[in-house]
Amino acid sequence: MDWQGIDVLEKYHVVMIKERSRIEAHAWQLIRSSSDVGDQARLGLGLQVFDRLSLLPTALEVLISERQAEIERAVQAAVDVEELTKRTKNKTASLSATTCNPGRASYPINSNAHNAAFRSLFWTGLDQLLATQEQCVGAVRLLAVTLCMKRISGGESAGALLDRLDSFAYREPPKLTDLLAVYAIQNWTNPETQACCAAIVLTLTSANPWTVEAVPDIASICALEDTDLASNARSFCDALSSSSGLLGWASACMETHFQSATKRSSHLKEAFEGEYPRLLKLFLDFWRKVATTPQGDCEGLQLPSYLLRLLQPYETAYLTRSLSRLFERVGTVVAPGATVVPEPAAMDCIIEVAATELSRAAVQTDLLCKVANNIAKMVALFATKAEGLIEVGPMASQISGPPSPAQESNFQLVNLICHFGRSLRHSVARHVRGLPAATKGSVLSPGLSGPEAVVDAAIVDKLNPLCRTILEPLAASLGDGMEEILVGMHQEFSSTPPGSDGGCSAYIQSLQGFLRRLRTDLFSRLSTPTVMSDLCHLPRRPSDGQQFYTFGEIALLDSLREHLSSCIDTFLLHASLLRPDNGRTASVPTDQAAAAEEEETLNRERIRHRLATDCVEFELTLEEQVTVNGRIPGCRLIDLAPEAYARLRAFRPLLLIPTEDLLTTFTSTPAEGTGASPVTTLSGTLVLHHAISRAPAEIPCPHTASGWSLARYVHWVLHTPDEAARLNFISHALAVYTEQVKARNQREYPAIFPIIRNLLEHFVAKLPAQNLPP
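Numbering (our numbering), first residue to last: 120 to 893.
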C-alpha cells in the first residue's frame, strides 16, 4: 500500500518501521548472546520474535552462513603454509636471539629445529580449528534443538499456516522446525531461496532432533501424485537423508583445504601422514565431545563416515610407511643371501620396531588392528627370509653321532624363530592391555580381527610350519631308528627264551639308550622353559587348537607327534606278531611231542608276560623323553599321540587274558552299569595277530601264508588304514591253512583255531556294510 500523502498514516508507518528495526536488532542481540553462553530460553525468545516478524528462514540463513564462514576461516588459517612458515621463522629467530648473549657464540638454527617449530605451530592451529568447530557445531545444535522445542504462537489456526496444505491440518500448533520444513518445500525450486533452503536442511540435520516421519502432513505429501509440491517434498526428504549437518559440511571443507595444502607443502604432508596417530587422536577426542551418543556409550563410539573419508588418505599413507619401516628392519637383520643365523639381539631390534609401531597406533583399536596386520606381513617376510637359512642334506638328519654344523645351525634357527614369536606375542599383548579405557572396549569395524588374533594367526601359519620343516628330517630319522630297534624283538625272543626275572627285554634297553643319547647329544641344543611362568598353559588357536612354538623343545615335540604314533603302532604290530618259533613249524620225534608242546606253551606264556612288562617300559621310555624338561602343558605322551597311547594302554591287558577267554572278552555284552573293557577298542587286526601268535606253529602267520617277509607285511599294515583289507588278508591266510589241513587229511584243528575263526567273523561283522570284504 502507498502510504505517501496520508500524513497520519505515513507517520505511523515510519514509527512502525523504526520499531520493527529496533525489535529485529534486539532479537539479533538475544540470539547471538544466548548462542555464546548456551542460554536456550533467550535463544528461543529471539527465534519466536523472528517468526512473528516473518523473518525466521532469513535469520536462519544468516546464522548458518556466519558459522560456515567462521569454520572456513579457521580451516584456512590452520593450513596456511605461508603464514605457518612466516611464524616459524619468527619463532626460530626469537629462540636464536634469546640464546645469544654478549660473550656467547650463537649457532644457526638447524633444519630439525625449524621442522619441529613448524609442526608445533601446525598442531596448535589444528587444535584451535577443532575447538572452533566444536563451538560452531554446539551452537547450531542448540539452535536446532530450540527450534524443535518451540511452537508457533498466535490465535490463528495452525493449518492455515500451511498454504495449499489445508487438507493436512495440525491438531496442535506446529513446531518452528515444521514451519521451516514447509517453507523449504514450498520454495525448493525458487533460485532466490536456495541458500535459505540449504541452511534449513543443514540446521535440521545437525542434531537429529527432527524427522520428516514425525510430521504426518509432510510425510503424506510425499505419497501424493506427481505434482510440483510432492516433487519438492520428496527432494527435501532426500536432501535431509543425504545431509550430515554442519559437521559433515565442515568435514568436506577440511578435506578440500587439507588436500590442497599437502600438495603445496611437504612439511604439511609429512605432518598429516607421518604423525597420523596424533591426527586421529585429535579427531577422536573431538568426536567424543560433539557426538550425540550418550556419555555412557562413549566407549563404543565410531567415527562417522564423513570424518573417516577425511582421514582415509592419511591413514593409508601412514600404514604404508609403517609397513616399510617393519620390512626395512627385517631386511637389515636377515640380509639377502645371508647364510649365518642372526643373533637373538638382532631379533630384539625387530621386536622394538614392532613395539614402537604398536605404541603409536594405540590411540584406536581399529588402527592398532591395521598395524597388527602389517606386523603379520612382517612375520611372513621374516619366515620367507629365514627359510633360506635352513641347512638340508644328509648331515642335517644324521643321528649317529654328535651334532653336525648343519644341525647346530638348524637348532639355532629354531630357537631364534621361537624367541621371535614369543617376544612378538608378549609385545602385542602388552600394548593391547595398555590401551586407553575409552579405546579398549570399542567395537571393531567390520572385516577386522583383534590385534592379538591377527599376530597369533601369523605366528601359527608362518613360523610353526617353518620350525616343522627344519625339524622334520631329524624327527623322521629318529622314527626310523626306533623302528629298526623294535624289529630286534623277534630275533631276541627266537634266540633266547625269556627268563622269569621280571626285567625288560634287551631291545627296550637299546631303545632307552638310543633315545637318551639323542636327547643328550642333539635335542639338548633346543631352548626349553626355564622358569615356572614359562610352563603356564600356552594359548591355542580356536580354529584348530594348534600350540604356539614358544620354545624349541615344544617345536620338537610337536614335530614328533606323527612319528610317536607310528612308533607305538609299530611296537604293537611287532608285539602282536611275536611267536617263539617266528611262525615256522618245528619237527620233533613223536615220543617227545607232548613235552615239546608243554615247553612251547610255557614259553609263549613267558613271552606274553615279558611283553606286558615291555609295554610298561616302552610307555615310560617315551614319556621320559617327552617330559625330560618338565611337564610342558599339552606335551605329554597322551597329548602328543592320544589314539596310539590308548591302544598301547589297551594292548597290555590283552596279553594277560587267558586263551579260553579271548572270544568272550570281545563278543560278550558288558554287565549293566559297567563300561566296556579298553581291550575291546583294539582293532581286529591286532587281536587276530595276537590270537594267531598263541596258536601252534602249524597255523601260520598271515605274511608267512602269503609268502611275504615280516618287514613287507608290517609296512603294508601300517600304511593300509582300511581295516576291511587287513581282515581280508588274514582271512586269506586262514583259508590257505584250511586247505593245507584238508590236503593232509588232518582229523581235527587245534583248539584255538575255532576261537580265531570266530573272532575273525566277529570283527568282519562289525565293519560298515560298504567295507565288508568280498
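Glycine is no exception: its CB is placed at the ideal position from the N, C-alpha and C atoms.
Inter-residue Cα distance where the pair is residue i and residue j
i, j, result
"Ala115", "Glu462", "Nothing can be reported for residue 115, as the shown portion of the chain is limited to 120 through 893."
"Leu767", "Arg680", "15 angstroms"
"Arg161", "Tyr131", "30 angstroms"
"Leu401", "Arg407", "10 angstroms"
"Cys356", "Arg186", "24 angstroms"
"Thr435", "Ser152", "43 angstroms"
"Arg636", "Leu774", "31 angstroms"
"Gly274", "Gln148", "Summary for Gly274: the model assigns pLDDT 44, below 50, so the residue's position carries little reliability, and this model does not support an answer."
"Val745", "Pro797", "24 angstroms"
"Glu527", "Gly598", "20 angstroms"
"Thr649", "Asp246", "51 angstroms"
"Gly560", "Val200", "Because the pLDDT of Gly560 is 47, which lies under 50, any placement of that residue in the model is unreliable, and the number read from its coordinates should be weighed accordingly. Distance between the alpha carbons of Gly560 and Val200 is about 38 angstroms."
"Ala369", "Thr375", "10 angstroms"
"Ser350", "Cys315", "18 angstroms"
"Arg260", "Ala326", "5 angstroms"
"Trp835", "Glu672", "32 angstroms"
"Tyr433", "Leu427", "10 angstroms"
"Ser613", "Tyr626", "13 angstroms"
"Ala557", "Leu403", "Confidence in Ala557 is poor, its pLDDT being 48 and thus under 50, which makes the residue's placement unreliable; the coordinate value appears in the next sentence. Between Ala557 and Leu403, the C-alpha separation is close to 10 angstroms."
"Ile871", "Trp827", "24 angstroms"
"Ser568", "Leu582", "20 angstroms"
"Asp758", "Ser787", "32 angstroms"
"Asn534", "Arg541", "10 angstroms"
"Ala577", "Lys205", "49 angstroms"
"Arg444", "Ala464", "18 angstroms"
"Val301", "Pro310", "17 angstroms"
"Phe667", "Leu543", "12 angstroms"
"Ser384", "Ile469", "32 angstroms"
"Gln483", "Glu762", "46 angstroms"
"Ile818", "Arg876", "12 angstroms"
Buried versus exposed call for residue i [16 or more other C-beta atoms within 10 Å across all chains shown]
i, result
"Asp733", "buried"
"Asp170", "buried"
"Asn209", "exposed"
"Leu641", "buried"
"His693", "buried"
"Lys489", "buried"
"Thr207", "buried"
"His838", "exposed"
"His145", "exposed"
"Ser424", "exposed"
"Gln610", "exposed"
"Glu724", "exposed"
"Leu721", "exposed"
"Gln305", "buried"
"Glu858", "exposed"
Residue i vs residue j beta-carbon contact at 8 angstroms
i, j, result
"Leu87", "Ala810", "Only positions 120 to 893 of the chain appear in the structure, and residue 87 is not among them; the question remains open."
"Cys586", "Ile518", "no"
"Ser523", "Ala473", "no"
"Pro396", "Arg448", "no"
"Val573", "Ala491", "yes"
"Leu683", "Leu593", "no"
"Arg644", "Ser812", "no"
"Glu202", "Cys255", "no"
"Glu779", "Gly803", "no"
"Val459", "Ala505", "no"
"Phe377", "Glu253", "no"
"Ser695", "His808", "yes"
"Leu913", "Ile271", "With the chain covering only 120 through 893, there is no way to say anything about residue 913."
"Ser685", "Leu590", "no"
"Ala318", "Glu180", "yes"
"Leu477", "His550", "yes"
"Val409", "Leu366", "yes"
"Ile142", "Val168", "yes"
"Ala258", "Ser362", "no"
Heavy atom of the ligand PLP within 7 angstroms of residue i beta-carbon
i, result
"Asn306", "Annotation note on the ligand PLP: not contained in the displayed structure, which lists no ligands."
Sufficient close CB pairs (3 or more, under 8 angstroms) joining the stretch 436 to 444 to the stretch 503 to 519: no
Three or more beta-carbon pairs under 8 angstroms between the stretch 822 to 831 and the stretch 721 to 737, yes or no? no
Please determine if the stretch 371 to 391 and the stretch 237 to 247 are in contact, where contact requires at least 3 C-beta pairs separated by less than 8 angstroms. yes
Give the list of continuous alpha helix (DSSP H) stretches no shorter than 4 residues that lie fully inside the stretch 788 to 826. 803 to 813, 821 to 824
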